[in-house]
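The block underneath contains the structure these notes are about, expressed in structure tokens.
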């Protein structure tokens, strides 16, 4: 069925002012962006298109314009370059947030909006339908495992930010993820970035040339809310003034536009959002932490005093949250409860000896306890009997580890593979600082070979 799967994701370079960077992004990935837009407009992937459009137009776009105007210009450039609407590109960048709302909204007849076409250029989602709504199957919601290793745990003495990115396997099969290299114009005085993301998005995870990195983890809580007027799942209509909130994804990109770790934390804290997510943030100065950002506050997750690492999966960890009676973690149970334990088991001895290497980390991230719903996750055509379907808005029936990445913050190198680390082909990139006289490109690409045997 997927006989032409490429062994690596495409790597593109964008330079210049925000609109020019976006335009180049859209032009280079036009056909893939069309396919990704079509996928998320398939009925059931996100809330119905009219509801999605209301959130984008009434909440997201005004908020981005207010809080992140350069980001809005880059999004406009992507839309123009790919010949899709701005709203469709904002949908791609807000699909994490939008995917968490379906369980709160009234279900609609899947044929009601079947004739809806792209508001920009009249293309449908490839099925003949736009995003009508029937049984919600949130294929777009990822389950990820993040790790930060302090320099005293690694053989090289460098700080390492790592992740298994678990997502709907269409990204892997249809080659819809990308290595996005960003070099802002010199007048912006912003660092260069290497970003692992979906086509059409500004970021999923990444590292900048100042030595900051961010990875991310899905979390769910009952504080998550719909920011515009809507009819809820019980059929009750809620009239409200639209709340100006940003897709939480953009907080990751904003963080990487800073040189200073503290300044980046201030930016994350100040960003209004309407759904929850963990941002695993770190610096080459030898420190990392988890920021469990909810619509009402930000909780911090630190390494234990006697450990040189901090991990996160998909349930809320901060004691300040878990002790609350007025808000609940919506994670329904599953692999998140053991993935961090298994990862620690794989690295602990070497970490205690200050001997961690990429190979040891790759081996630990290749753990298959609970296969296929394991730390190294595999798509084997699973059914909906999974416990994770107890709550809508969480996971997919066809998800897998679509990439593994290690950001070496000291050396500014990126070691990344497409697909699960147990079998992926690893590539290595080195990030150069364009503002300091470098040519502004990634150099020294090495193909490192396949991962461990399955």
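In the numbering used here, the protein residues as written are 297 to 750.
Built from N, CA and C at the ideal position, the CB exists for glycine as well.
(message) Using 8 Å as the cut-off, can you tell me whether the stretch 587-602 makes contact with the stretch 702-717, which would need three or more C-beta pairs spanning the two stretches below that distance?
(response) Short answer: they don't touch.
(request) Might you give, ordered along the chain, the residues of its own chain that have their beta carbon closer than 6 Å to the beta carbon of residue 405, omitting 5 neighbours on each side? (result) Working through the chain shown from its first residue, we reach residue 405 at position 109. Reliability of the predicted coordinates at residue 405 is poor, the pLDDT of 47 falling under 50, and the value obtained from them is presented with this limitation in mind. Excluding positions up to five away in sequence, the list is empty.
(request) Using beta-carbon positions only, say whether residue 306 and residue 468 come within less than 9 Å of one another. (result) For the purposes of this step, residue 306 is taken as residue 10 along the chain shown, with counting starting at 1. For the purposes of this step, residue 468 is taken as residue 172 along the chain shown, with counting starting at 1. Residue 306 places its beta carbon 9 Å or farther from that of residue 468.
(request) Quick one: grab the DSSP three-state call for residue 490. (result) Stepping through the chain shown from its first residue, residue 490 is reached at position 194. If DSSP states are grouped into helix, strand and coil, residue 490 belongs with the strands.
(request) With DSSP as the reference, label residue 586 as helix, strand or coil. (result) Position 290 of the chain shown holds residue 586. Note: residue 586 maps to strand in three-state DSSP.
(request) Tell me, to the nearest whole angstrom, how far the beta carbon of residue 575 is from that of residue 512; I am working on the premise that it is less than 8 Å. (result) Here the question's residue 575 lines up with position 279 in the chain shown. Here the question's residue 512 lines up with position 216 in the chain shown. Taking 8 Å as the upper bound for CB-CB distance, residue 575 and residue 512 are in contact here, some 6 Å apart.
(request) Look up residue 614 in the DSSP assignment and say whether it is helix, strand or coil. (result) Here residue 614 refers to the residue found at position 318 of the chain shown. Under the three-state reduction of DSSP output, residue 614 falls in the coil class, being neither helix nor strand.
(request) On the DSSP bridge assignment, give the partners of residue 308 in chain order. (result) One-based indexing of the chain shown puts residue 308 at position 12. For residue 308, DSSP records a beta bridge to 476.
(request) Spatial neighbours of residue 332 within its chain, please: CB distance less than 7 Å, with the 5 preceding and 5 following residues excluded, ordered by chain position. (result) Here residue 332 is taken as the residue at index 36 of the chain shown, counted from 1. Residues of the same chain with a CB within less than 7 Å of the CB of residue 332, apart from the 5 flanking positions on each side, are 388, 472, 494, 495 and 496 in chain order.
(request) Identify which residue in 644, 465, 504 and 499 has its Cα closest to the Cα of residue 697. (result) One-based indexing of the chain shown puts residue 697 at position 401. Closest option to residue 697, judged by alpha-carbon separation, among 644, 465, 504 and 499: 465.
(request) Taking residue 369 as part of the alpha helix (DSSP H), name the residues at either end of that continuous run. (result) Stepping through the chain shown from its first residue, residue 369 is reached at position 73. From DSSP, the alpha helix (DSSP H) with residue 369 extends over 365-378.
(request) Give a yes or no on contact between the stretch 621-633 and the stretch 508-524, applying the rule of three or more CB pairs nearer than 8 Å. (result) Here the stretch 621-633 lies against the stretch 508-524, with 3 or more beta-carbon pairs under 8 Å apart.
(message) Using 9 Å as the threshold, is the C-beta distance between residue 458 and residue 610 below it?
(response) If you number the chain shown from 1, residue 458 lands on position 162. If you number the chain shown from 1, residue 610 lands on position 314. Going by C-beta atoms, residue 458 is not nearer than 9 Å to residue 610.
(message) How far does the beta strand (DSSP E) with residue 383 in it extend, from its first residue to its last?
(response) For the purposes of this step, residue 383 is taken as residue 87 along the chain shown, with counting starting at 1. Premise fails: residue 383 lies in the alpha helix (DSSP H), 382-395, not in any beta strand (DSSP E).
(message) Pairs of beta-carbons, one from the stretch 373-391 and one from the stretch 339-358, closer than 8 Å: are there three or more?
(response) By the criterion of at least three beta-carbon pairs nearer than 8 Å, the stretch 373-391 is in contact with the stretch 339-358.
(message) Is residue 348 close to chain E? Criterion is C-beta to C-beta, closer than 9 Å.
(response) The chain inventory of the structure shown lacks chain E, comprising one protein chain alone.
(request) Could you check what DSSP says for residue 694 in three-state terms: helix, strand or coil? (result) To locate residue 694, count along the chain shown from 1; it is residue 398. Coil at residue 694, not helix or strand.
(message) Check whether the stretch 642-662 and the stretch 448-463 touch, using three or more Cβ-Cβ pairs below 8 Å as the test.
(response) Yes, they touch.
(message) According to DSSP, residue 625 sits in a beta bridge with which residue or residues?
(response) For the purposes of this step, residue 625 is taken as residue 329 along the chain shown, with counting starting at 1. 517, per the DSSP bridge assignment.
(request) Check each candidate in 500, 402, 571 and 324 and name the one with the smallest Cα separation from residue 395. (result) Numbered from its first residue, the chain shown carries residue 395 at position 99. Considering only alpha carbons, the answer is 571.
(request) Inspect the beta-carbon positions of residue 376 and residue 313 and report whether they are closer than 9 Å. (result) As a working mapping, residue 376 is identified with position 80 in the chain shown. As a working mapping, residue 313 is identified with position 17 in the chain shown. The answer is no: Cβ separation not under 9 Å.
(message) Using only CA atoms, which one of 727, 549 and 705 lies nearest to residue 370?
(response) Indexing the chain shown from 1 puts residue 370 at position 74. When C-alpha distances from residue 370 are compared across 727, 549 and 705, the shortest belongs to 549.
(request) Buried or exposed for residue 534, please, with buried defined as at least 16 other CB atoms from any protein chain shown within 10 angstroms of its CB. (result) Taking the chain shown and counting its residues from 1, one reaches residue 534 at position 238. Counting Cβ neighbours within 10 Å, residue 534 comes out exposed, since fewer than 16 surround it.
(message) With a threshold of 6 Å on Cβ separation, who are the neighbours of residue 524 within its own chain once the five nearest residues in sequence on each side are excluded?
(response) Here residue 524 refers to the residue found at position 228 when the chain shown is read from its first residue. So the qualifying residues of the chain are 350, 351, 354, 355 and 538.
(request) Count the other C-beta atoms from every protein chain shown that fall within 10 angstroms of the C-beta of residue 598, then say buried if there are 16 or more, exposed otherwise. (result) Taking the first residue of the chain shown as 1, we reach residue 598 at position 302. Looking at its Cβ environment, which holds fewer than 16 other Cβ atoms inside 10 Å, residue 598 is exposed.
(request) Please say whether residue 484 and residue 366 have beta carbons closer to each other than 9 Å? (result) If you number the chain shown from 1, residue 366 lands on position 70. If you number the chain shown from 1, residue 484 lands on position 188. For residue 366 and residue 484, yes; Cβs fall inside 9 Å.
(request) Tell me, please, which residues DSSP counts as bridged to residue 607. (result) The count along the chain shown starts at 1 and reaches residue 607 at position 311. Answer is 443, bridged to residue 607.
(message) Restricting to Cα atoms, I'd like to know which of 724, 326 and 397 is closest to residue 381.
(response) Numbered from its first residue, the chain shown carries residue 381 at position 85. With distances taken between Cα atoms, residue 381 lies closest to 326.
(request) Identify which residue in 341, 402 and 621 has its Cα closest to the Cα of residue 526. (result) One-based indexing of the chain shown puts residue 526 at position 230. It is 402.
(request) Check the C-beta distance from residue 725 over to residue 605 and give it rounded, since I have them as a contact under 8 Å. (result) Taking the first residue of the chain shown as position 1, residue 725 is located at position 429. Taking the first residue of the chain shown as position 1, residue 605 is located at position 309. Contact doesn't hold; Cβ gap of about 24 Å is too wide.
(message) Let's test the definition: count the other Cβ atoms within 10 Å of the Cβ of residue 463 and tell me whether it reaches 16, buried, or not, exposed.
(response) Residue 463 sits at position 167 when you count from the first residue of the chain shown. Residue 463 comes out buried.
(request) Enumerate in chain order the residues of its own chain whose CB-to-CB distance from residue 608 is below 6 Å, with the five nearest sequence positions on each side excluded. (result) Working through the chain shown from its first residue, we reach residue 608 at position 312. Residues of the same chain with a CB within less than 6 Å of the CB of residue 608, apart from the 5 flanking positions on each side, are 442, 513, 574, 576 and 586 in chain order.
(request) Give every residue of the same chain whose Cβ lies closer than 6 Å to the Cβ of residue 329, excluding the five residues on either side of it in the sequence, and list them in chain order. (result) Translated into the one-based positions of the chain shown, residue 329 becomes position 33. Closer than 6 Å at the Cβ level, and outside the excluded window around residue 329, lie 378, 495 and 496.
(message) Among the candidates 584, 616 and 347, whose CA atom is the shortest distance from the CA of residue 590?
(response) Taking the chain shown and counting its residues from 1, one reaches residue 590 at position 294. The shortest C-alpha separation from residue 590 is found at 616.
(message) I'd like to check one pair, residue 504 with residue 672: are the Cβ atoms closer than 9 Å?
(response) Position 376 of the chain shown, counted from the start, is the residue given in the question as residue 672. Position 208 of the chain shown, counted from the start, is the residue given in the question as residue 504. Not a contact, by the Cβ cut-off of 9 Å.
(message) Excluding the 5 residues flanking residue 545 on each side, which residues of the same chain have their C-beta closer than 6 Å to its C-beta?
(response) Here residue 545 refers to the residue found at position 249 of the chain shown. Listed in chain order, the non-local C-beta contacts of residue 545 below 6 Å within the same chain comprise 389 and 392, local neighbours out to five positions each way being set aside.
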